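Read the structure below first, then the notes.
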Amino acid sequence: MDTLFFYPHLSVNITDVKLTDVTLFFSGQYSIYYIYNEGICKFANSSFKIHDFTFMGNNILYATDNGVNITDGKKHRTILSGVVVYDILKSNKLLLFATDNGIYFMNDDKIGKIEQFPDISYEEITTNDISLAAISSTRDIYFLNLKTDSMTIKPANVHLTKGNICSLDSNFLYISGKLISEYPGNRIFSLPQNPNGLPLGINIMQNNAYFFFRNAVLFTPVNNIFPFLSNR
188 MDTLFFYPHL SVNITDVKLT DVTLFFSGQY SIYYIYNEGI CKFANSSFKI HDFTFMGNNI
248 LYATDNGVNI TDGKKHRTIL SGVVVYDILK SNKLLLFATD NGIYFMNDDK IGKIEQFPDI
308 SYEEITTNDI SLAAISSTRD IYFLNLKTDS MTIKPANVHL TKGNICSLDS NFLYISGKLI
368 SEYPGNRIFS LPQNPNGLPL GINIMQNNAY FFFRNAVLFT PVNNIFPFLS NR
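Under the working numbering, think of the first position of the sequence shown as 188, with each following residue one higher.
Next up, the structure:
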């Protein structure tokens, strides 16, 4: 059974949603909220627009128009400043940040840049067992092979945004115009038809492929679209 929480008095654009244990958190432009007893509680405020957040123990790490901050809901500490940060990725012991001026990393409080990525704007970063992938503002996807340290650039036919790429064990799937492309590999798949237009995002969970539209979510067994994933 589906559950819908509707709060007409909350006039903010939701920029990210995360679930921890049984508590749902979401960012609404300049604040981070959580749902408690079917009501909305404010966890923290930000002076800058929030694009993404993730959990670190009892703290929340959040990306803003002026860097990255960490908060326990009361105290705030800045760990990166001077850049717009659009996405945060936790990968093993590393934290990775997609910014308007390259890809940054944080390891044991040390912050640096991944020099293989050009100093341009990136909207999303994701990884799998082999590569690190970043969606750039130039309609290109940058794939950095973590074993050979080599970079591959794949042009996209449209302006990709956050959610347009999905990482699997050893490859990636990304929306490219009216098609879905695979990397590495050259397989091309057709997007599912939907009256809501083209999908805005894609994800693979268990044995289903999920496609996110402007006002709908479509899910279908993976073997309907990606036969090579049917045994996952």
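Idealized CB from N, CA, C, for every residue including glycine.
All of these numbers come straight from a predicted model, not from anything done at the bench.
Between the C-alpha atoms of residue i and residue j, what's the straight-line distance to the nearest angstrom?
| i | j | result |
| --- | --- | --- |
| L283 | G289 | 11 Å |
| S268 | F330 | 26 Å |
| N245 | D259 | 7 Å |
| D316 | L333 | 8 Å |
| L211 | I219 | 11 Å |
| S323 | I340 | 10 Å |
| P371 | N358 | 6 Å |
| S278 | S377 | 31 Å |
| N390 | C353 | 6 Å |
| N253 | V272 | 7 Å |
| P342 | T325 | 9 Å |
| L366 | L276 | 26 Å |
| L355 | L319 | 11 Å |
| G226 | S337 | 49 Å |
| D306 | T314 | 19 Å |
Taking the beta carbon of residue i as the centre, do at least 16 other beta carbons fall within 10 Å, making it buried, or is it exposed?
| i | result |
| --- | --- |
| T190 | Here T190 scores only 37 on pLDDT, less than 50, and its place in the model should not be relied on; the value that follows carries that caveat. Result: exposed. |
| I237 | buried |
| R419 | Any reading at R419 needs caution, since the residue's pLDDT is 48, under 50, leaving its predicted position unreliable; the model's value is listed next. With fewer than 16 other Cβ atoms within 10 Å, it is exposed. |
| E302 | exposed |
| P386 | buried |
| I298 | exposed |
| N351 | buried |
| C228 | exposed |
| L286 | Sequence check: residue 286 is Thr here, not Leu. Counting Cβ neighbours within 10 Å, T286 comes out buried, since at least 16 surround it. |
| P195 | Annotation note: pLDDT 44 at P195 (below 50); position unreliable, no value reported. |
| F398 | buried |
| T335 | exposed |
| F406 | exposed |
| T207 | exposed |
| F192 | Summary for F192: the model assigns pLDDT 42, below 50, so the residue's position carries little reliability, and this model does not support an answer. |
Which residues in the same chain have their Cβ closer than 6 Å to the Cβ of residue i, if we skip the five residues on either side of it in sequence?
| i | result |
| --- | --- |
| H263 | N256 |
| S233 | Y217, T251 |
| V204 | F213 |
| D239 | D203, A250, D274, I275 |
Look up residue i in the DSSP assignment and give the residues it is bridged to.
| i | result |
| --- | --- |
| V204 | F213 |
| K300 | Y291 |
| R264 | I257 |
| K365 | K365 is not bridged to any residue. |
| E311 | I322 |
Kindly list the residues whose CB is nearer than 7 Å to the CB of residue i, restricted to its own chain and excluding five residues on each side of it in sequence; keep chain order.
| i | result |
| --- | --- |
| S368 | Y361, I375 |
| K280 | N294 |
| T265 | G254, N256 |
| P408 | N394, N395 |
Under DSSP, the beta strand (DSSP E) around residue i begins and ends at which residues?
| i | result |
| --- | --- |
| N332 | 327-332 |
| N390 | 388-392 |
| N411 | That residue, N411, is in no beta strand (DSSP E); its alpha helix (DSSP H) goes 409-412. |
| K423 | Within the shown structure, residues of the chain are numbered from 188 to 419, placing residue 423 beyond reach of any answer. |
| D274 | 272-278 |
| T427 | Because the chain here runs from 188 to 419, residue 427 falls outside it and cannot be looked at. |
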